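Under the working numbering, the first residue of the sequence shown is numbered -11, with each subsequent residue one higher.
Glycine included, C-beta positions come from ideal geometry on N, C-alpha and C.
Small disclaimer: the values here were computed from a predicted structure and weren't measured.
First comes the structure, then the notes that go with it.
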Amino acid sequence: MARCLALPRPPSSQLFCGQKRHWIARELEKINWKRSGNVWWLACDLHSIKLLASLNSLEKMRIAMDKVFGHAQAFHMDEHVLSGIRKLKSTFYSKEPLTDGDKTEIREQVDAIINYCGKLAITNQPDFKP
């Protein structure tokens, strides 16, 4: 079943159709969609780094690393995430070719970042149900 966006209840004085529609529009304006986009692309680009490393597509992997750092900064991720991304970039950004050991290490570092971000997301959403 799809999850719905939970909005606070409108005041009872705004239950008339036109007023309720304006209230809903105001509530939706409060959501910072830029940040939700950054979260989405942070996750996608982190997974891309692993895939691109395994395919030896190093130039695209570097682009994904740059994008990941930008998304993390835009979303104001904590220093633990930013330092993990910096470590990943400083270790593998200029390394060519990647060994199988390097690819394993990239996978492990990216998975650690993803897992940490997941834990942050869950602890910051009290009503989260897996």
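Cβ contact annotation for V69 (same chain, cutoff 7 Å, sequence separation greater than five): A60, I101, Y104, C105, in chain order.
In this structure, S36 and A52 form a Cβ contact; the two beta carbons are roughly 4 Å apart against a cut-off of 8 Å. If the five residues before and after E84 are omitted, its C-beta is found closer than 7 Å to the C-beta atoms of L46, all from its own chain and listed in chain order. For Y104, the enclosing alpha helix (DSSP H) starts and ends at 88 to 111.
Secondary structure of E47 (DSSP, three-state): helix.
Of the other Cβ atoms in all chains shown, fewer than 16 fall within 10 Å of the Cβ of L43; this residue is therefore exposed. In this structure, the CA atom of L30 is about 11 Å from the CA atom of M65. Rounded to whole angstroms, the separation of the alpha carbons of R50 and Y81 is 6 Å. C32 and I73 have their C-alpha atoms spaced approximately 14 Å apart.
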